[in-house]
Amino acid sequence: MGYHPHGDKSIQDALSQMAQDFTFANNIPLVSGEGTFGDVLDPSAIASPRYTEVKLSDFVKDLGFFESLPDIDYVKNYDETEDEPIHFVGKVPIVLLNNIQGIATGFRCFIPGHRLADIVKSQINYLKTRKPLSLKPWYKDFKGEVKMAETESGNTTMSTTFAFKWEGDTLYLTDSPMNWNREKVVSLLDDILERKDSWLKEYVDFSSQTFRIELQYKKGEKPSQKEIMALFNKEDIQTLAMNVITYDGKLKNFKPEEIIKRFCDFRKTHLIRRFKRLSGLEEEKIERNSELIRFIKEKWNEKVIGIKSKKDFEEKLKASKFKYFEWLCTIPVYRMTIEEVKKCEEAIVEAKTTLARYQGLVKEDKKLTDFMVTELEELQNKWDKV
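The sequence shown maps to residues 284 to 669 in the numbering used here.
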């Protein structure tokens, strides 16, 4: 609640939608849920919050959101009691992965879902050639068609269709267009039967979590694919409105390929920031271990005997050009050994190797590109191997 002033209800609704794991909801949920969160037959059939539990999904952990926390910018929350992140920086642009639909402050937004493998391939191609691969909408487990079209006014529309499957001589309806729940599909079937002017004689609904409705045809009137699609010619048509807030706070309307470009470029700057910070930590590790070696070899554990207070000890170390004098004062006596010196020397060698790697990633674009490609390939191989 620290970041959000709108009360429990809006948070519960958002978390419930993020946990939904079915067609047209999320291709890969960011939240893992226990309980009832609806299904494709009735997306609104979500149990009361007291009967559900949610936690971040394993996919979110693999996206690298938590790794990004030390290297992102923060602002004060609504009542200025906490710092909240302006954004998270994962490995892929989440805005393209899962279906986004809504309206806020007068701006409508509809961004269709895309397949993780396609997003990753487009990113990799851009990183290697500066040209992202074109992306087409994709929905997990959807068996119907997803069709794109351009209107005379220059807008792009997406339409989704019914899907059917023959099992022997038995015909089943196996999927419906976006925004067509079970109630709406059954209503359409009842209207068709009432007209009595088609090949459809009766239907039997075997649906459970997914659509499976047997369509019984009149004797001697086994329908062709063309006749089936003519009868079920209803489609859901959505006009794409890919309105996004950029990392610098501006409202923009981008095509998917432009989002890929801007995201990859921004992630590069983010990773450079991260590896500069990590380089600093390795440099500090080298300095601390070097000072501890010197501290032991100069036998400061013996010199401390004649010093009256900790403050005096710190002053003497400071005068002897020790940078981490406060830390050295806290080192226990049992660590003042040759064995500790060897451990420090090994730690320095390891830190120098790691430092060289981080500095290479900061200074050489090819190394950074290769790093990004590798992490994307690993993500895809784990979550959407094609």
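Yeah, the Cβ is synthetic: ideal placement off N, Cα and C, and Gly gets one too.
Leaving aside the five residues that flank GLU485 on each side, the residues in its chain whose CB is nearer than 8 Å to its CB run, in chain order, LEU476, GLN499. For ILE569, same chain residues with a beta-carbon under 6 Å away, outside a window of 5 residues either side, are ILE631, ALA634 in chain order.
The secondary-structure analysis by DSSP pairs ALA387 across a beta bridge with PHE390.
Approximately 17 Å separates the beta-carbon atoms of LEU324 and PHE515; this is outside 8 Å, ruling out the contact.
In summary, TYR641 is buried, with 16 or more beta-carbon neighbours lying within 10 Å of its beta-carbon over all protein chains present. In this model, LEU564 and LEU638 are separated by some 9 Å (Cα to Cα). With a minimum length of 4 residues, the unbroken runs of alpha helix (DSSP H) contained wholly in the segment 595-629 fall at 608-611. Of all C-beta pairs linking the segment 572-581 to the segment 618-631, three or more are shorter than 8 Å, placing the two stretches in contact. By the Cβ neighbour-count rule, MET461 is buried, with 16 or more other Cβ atoms within 10 Å of its own. For ILE520, the pairing in a beta bridge is given by DSSP as SER442. Take the alpha-carbon of SER417 and the one of ARG550: they are about 20 Å apart. Under the three-state reduction of DSSP output, TRP666 falls in the helix class.
The C-beta of TRP449 has fewer than 16 other C-beta atoms within 10 Å across all chains shown, which makes the residue exposed.
Residue range 314-317 is occupied by the beta strand (DSSP E) that includes GLY316. Per the coordinates, the alpha-carbon of LEU472 lies some 28 Å from the alpha-carbon of ASN309. Per DSSP, GLY321 is not a residue of any alpha helix (DSSP H); the beta strand (DSSP E) it occupies stretches across 320-322.
Distance between PHE445 and LEU454, taken at the CA atoms: about 13 Å.
Beta-bridge partners assigned by DSSP to SER491: THR493.
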